[in-house]
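Q: There's a structure below that I have some questions on.
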Amino acid sequence: MTKKKVGLPPLDWLRVFEAAGRLGGFSAAAREFGLTQAAVSQRIGNLEAWLGRSLFVREARGVSLTIEGESYLPLVQDSLQALERNTEDLFGKSPRELRVAGLSSHIHALVLPALPVFLKMQPKVRVMTDSMTRRSSLEEERTWLQIRYGRGHWPGRKAKLIAPEVLVPMAAPDVDWGAPLIDLRGERPSWQDWAQVAGIEELPAGRISFDSVGHAITAARQGMGIALGSLPLALGSLETGQLCRLEMPELATKDGYWLTWPEDRVRSKRQRVLIDDFLQALRGG
1 MTKKKVGLPP
11 LDWLRVFEAA
21 GRLGGFSAAA
31 REFGLTQAAV
41 SQRIGNLEAW
51 LGRSLFVREA
61 RGVSLTIEGE
71 SYLPLVQDSL
81 QALERNTEDL
91 FGKSPRELRV
101 AGLSSHIHAL
111 VLPALPVFLK
121 MQPKVRVMTD
131 SMTRRSSLEE
141 ERTWLQIRYG
151 RGHWPGRKAK
161 LIAPEVLVPM
171 AAPDVDWGAP
181 LIDLRGERPS
191 WQDWAQVAGI
201 EELPAGRISF
211 DSVGHAITAA
221 RQGMGIALGS
231 LPLALGSLET
241 GQLCRLEMPE
251 LATKDGYWLT
261 WPEDRVRSKR
271 QRVLIDDFLQ
281 ALRGG
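Counting in the UniProt record's numbering, the sequence shown runs without a single skipped number right up to 285 at its last residue.
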């Protein structure tokens with residue numbers, strides 16, 4: 001195949017080539033663009049003629065990229081993404097809405113206190129929240145911006161730390177050590193784990209057990225015992241005096257609360273600014 005042209009080929013040809021290379025076939029690219037397979041094949045043929053190189057091997061069972069095609073594909077993808085980003089930065093509209101999903105306890109303890117600061121930073125933005133009852137539901141949630149609990153590693157997602165998880169013995173102001181312990185079931189360290197770090201051999205008995213740290217904090221706030229509560233989630237109650245930290249050691253963990261989003265979702269400068277402002281507000285301004 002001889003080279004016929006120099007310079008840049010038409011953008012339409014490059015976009016079809018990128019889709020066919022990314023999706024692994026002409027038929028899939030045709031579905032993405034609403035074209036016929038013949039139209040996709042023609043555009044790629046035109047591109048190959050322009051470049052003077054074969055980009056795909058045509059076989060009875062489908063197509064595959066040639067060595068030149070494999071080398072060219074990432075260059076085209078990077079260029080298209082850069083063009084999209086820069087076009088959005090220069091001519092795109094500022095985001096008018098920020099929508100975030102998370103567990104109900106995380107929305108209540110982390111997002112609500114941050115809203116006054118964020119809305120002052122972004123006065124034209126409307127905030128919407130989607131509350132989940134189970135953490136596993138976040139994997140199926142269509143809202144792409146999410147607050148998650150863990151160690152910051154989720155395949156295909158970027159994550160920025162809001163606050164590390166720190167567990168602290170806490171109770172209502174009139175409740176002292178020796179009152180019943182509020183047990184918490186799940187992945188967080190238990191009272192027994194805390195006792196080993198604190199050097200305490202004997203713990204008070206517990207009469208209540210929850211599978212939600214938010215419920216444990218609420219029970220402690222109502223004077224029902226002592227909770228090994230999450231410092232980030234209980235910060236509001238501690239600041240208002242509804243809860244008090246006992247003068248005992250705290251327990252730092254390897255987990256934390258994270259603001260996360262798909263790696264390919266935040267592309268424009270305006271979106272990045274919006275996310276950065278929201279993260280700053282979540283961290284306490």
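Note that the Cβ used here is the ideal one computed from N, Cα and C, for glycine as well.
The structure presented is a predicted model; accordingly, all values stated were derived computationally and were not measured.
Give me whichever residues DSSP pairs with F56 in a beta bridge.
A: Looking at the DSSP assignment, F56 forms a beta bridge with L65.
Q: Helix, strand or coil: how does DSSP classify L222 here?
A: One detail in the question is off: residue 222 reads as Gln in this sequence, not Leu. Q222: coil per DSSP, three-state reduction.
Q: Rounded to whole angstroms, what is the Cα-Cα separation between L138 and Y257?
A: When rounded, the distance between both Cα atoms is 14 angstroms.
Q: Quick one: is H106 buried, meaning 16 or more other Cβ sit within 10 Å of its Cβ, or exposed?
A: Buried.
Q: For R265, which of L145, G284, V76 and L103 has the nearest alpha-carbon?
A: The candidate whose alpha carbon is nearest that of R265 is L145.
Q: Within 10 angstroms of the Cβ of R185, are there 16 or more other Cβ atoms? Answer buried if so, exposed if not.
A: By the 10 Å Cβ count, R185 comes out exposed.
Q: Which full runs of the alpha helix (DSSP H) of 4+ residues lie inside the stretch 153-198, going along the chain?
A: 191-198, all fully within the stretch 153-198.
Q: What did DSSP end up calling A101 once you bin it into helix, strand or coil?
A: Residue state, collapsed to three classes: strand.
Q: Quick check on the burial criterion: 16 or more other C-beta atoms within 10 angstroms. Buried or exposed for M128?
A: Under this definition M128 is an exposed residue.
Q: Judging by CA-CA distance, which residue of L65, R96 and G214 is the nearest neighbour of L167?
A: Nearest C-alpha to L167: G214.
Q: Report the rounded CA-to-CA distance for V16 versus L65, giving the unit in angstroms.
A: Cα to Cα, the separation comes out at about 14 angstroms.
Q: Going by C-alpha distance, which of G102, V40 and G178 is nearest R142?
A: For R142, the nearest C-alpha among the options comes from G102.
Q: Look at the Cβ atom of L246, then the Cβ atom of P169, and state whether they are nearer than 7 angstroms.
A: Contact: yes.
Q: Using a 10 Å radius around the Cβ and a threshold of 16 neighbouring Cβ atoms, would you call T87 buried or exposed?
A: T87 comes out exposed.
Q: Alpha helix (DSSP H) containing G150: first to last residue?
A: Element bounds for G150: not the alpha helix (DSSP H) but the beta strand (DSSP E), L145 to G150.
Q: What residue range is occupied by the uninterrupted beta strand (DSSP E) comprising P262?
A: Counting along the chain, the beta strand (DSSP E) containing P262 begins and ends at L251 to P262.
Q: Note the first and the last residue of the continuous alpha helix (DSSP H) segment covering I275.
A: Residues K269 to L282.
Q: How many whole angstroms separate the CB atoms of P204 and G178, which I take to be in contact at a CB cut-off of 8 angstroms?
A: About 6 angstroms separates the two Cβ atoms, so the contact holds.
Q: How about T253 and R148: are their beta carbons less than 7 angstroms apart?
A: For T253 and R148, no; Cβs fall outside 7 angstroms.
Q: Leaving out the 5 sequence neighbours to the left and right, which residues in its chain are closer than 6 angstroms to S237 when beta-carbon positions are compared?
A: Excluding sequence neighbours, S237 sits near R221 and L243.
Q: How is M248 classed by DSSP in three states: helix, strand or coil?
A: In this structure, M248 counts as coil in the three-state DSSP scheme.
Q: Out of F278, G223 and G284, state which residue places its alpha-carbon closest to the alpha-carbon of L119.
A: With distances taken between Cα atoms, L119 lies closest to F278.
Q: Ends of the alpha helix (DSSP H) at V117?
A: That run of the alpha helix (DSSP H) goes L112 to M121.
Q: Out of curiosity, what's the CA-to-CA distance linking I162 and L112?
A: Each residue's alpha carbon lies about 14 angstroms from the other.
Q: Here's a check: name, in chain order, each residue in its chain whose Cβ is nearer than 8 angstroms to the Cβ of R126, leaving out the five neighbours to either side.
A: Once the five neighbours on either side are set aside, the close Cβ partners of R126 are R96, E97 and L98.
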